[in-house]
Amino acid sequence: MLSIDALSIQDRATLLQVARASIQHGLYHHRALPVDPSDYPATLRSARATFVTLEIEGRLRGCIGALIAYQPLVRDVAVHAYAAAFEDPRFPKLHAEEFPKLEIHLSVLSPPEPLSFRSEQELLAQLQPGVDGLILHFRQHRATFLPSVWEQLADPPVFLAHLKQKAGLSPDFWSLELQAERYTTESFGDAHETASSA
C-alpha cells in the first residue's frame, strides 16, 4: 500500500471548516465556496482524493467524492462538501434549517492499489477488514465502499456481495474480467474520528 503523510490536527480542523463554509456558501449562492489553494499550507495544496459524508442525527444525508486525485486537497473538500449537500441524487437539496444539525465527516484517500486475483476466494483473502476501501470494475459497472462500511458489513463475503449490488451486479456475480483496487482513508469528522459510509 502506498504510504501518505498524515494530516495534522490543524489541517483536519481547517478542512472541516472549509467543508462547512462551502455548504453554507451553497445555501445562499448555489455553488461551492471558491477556494484559492495558495491561501493554505502546502499539506492542503497537494492533489488528494476525498469523500465528504453528511449526517443528521446519525442518518446519512449525502455522500459525494472522487477516487482519483485531480485537484488540490482543500479545493476537493470544498467541491465535494457542496455536492454532498446539494447534488447527491439520493437526497433532496439541503435546506437552511438542516444546516445547524449537520455532522460532516471527511475521508482522504490513498492512491488506489490494483489487486491481482483469479478467483473470488483470492480476492477475499487479500482484503483487510476495517482497513481497506474497495473499488470494483466490470465493463461499465463501477462502485466503491469506503473502509468505514466494514462497521456495518464486517464479513468479507457479505461486504463484497453488497458492493457488487451497488455496482449493479448480482451478489454472486463472478467473471475473470472483474477488476478490483483497494485504498485506505484518513477519516475524521465533527463528532468523532471515523467517517460514515457512502
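Each residue of the sequence shown is one higher than the one before, starting from 99 at the first, in the working numbering.
We treat Cβ as the ideally placed atom computed from N, Cα and C, and that holds for glycine.
Rounded separation between residue i and residue j - CA only
i	j	result
LEU142	ARG157	29 Å
GLU153	GLN169	25 Å
LEU221	SER214	8 Å
VAL242	HIS128	Sequence inspection shows Thr at residue 242; the Val mentioned does not correspond to that position. Roughly 28 Å separates the two Cα atoms.
LEU244	LEU261	10 Å
ARG240	LEU165	11 Å
LEU267	GLU185	24 Å
LYS199	SER217	45 Å
VAL256	SER246	14 Å
ALA111	TYR138	12 Å
GLU155	LEU274	42 Å
ASP134	GLN238	35 Å
GLN250	HIS235	22 Å
ALA140	SER106	12 Å
TRP248	LEU232	11 Å
Proximity test, Cβ basis, 8 Å: residue i and chain D
i	result
ALA181	The structure shown contains no chain D, having only a single protein chain.
According to DSSP, residues forming a beta bridge with residue i
i	result
PRO187	DSSP, once it has assigned bridges, lists no residue as partnering PRO187.
TYR168	Per DSSP, none; premise fails for TYR168.
GLY160	LEU152
Assigned secondary structure, residue i (DSSP; H/G/I helix, E/B strand, else coil)
i	result
GLN226	coil
SER295	Low confidence applies here, because SER295 scores a pLDDT of 40, under 50, leaving its location unreliable and the question unanswered by this model.
ARG143	coil
THR112	helix
TYR138	coil
ARG129	coil
ALA119	helix
Which listed residue (the options) has its alpha carbon closest to that of residue i
i	options	result
VAL172	TYR126, TYR281, VAL150	VAL150
ARG159	PRO269, GLU196, SER106, SER285	GLU196
ALA130	GLN122, ASP288, PRO198	GLN122
VAL116	PHE189, SER136, ALA179	ALA179
THR283	GLU155, GLY228, GLN219	GLY228
PHE286	ARG237, LEU276, HIS203	HIS203
ASP230	GLN238, GLN219, ALA252	ALA252
Quiz item: Considering only residues of the region 190–271, which uninterrupted beta strand (DSSP E) runs meet the minimum length of 3 residues and lie entirely inside it, listed in chain order?
Solution: Listed in chain order, the complete beta strand (DSSP E) runs (minimum 3 residues) inside the region 190–271 are 200–207, 231–236, 239–243.
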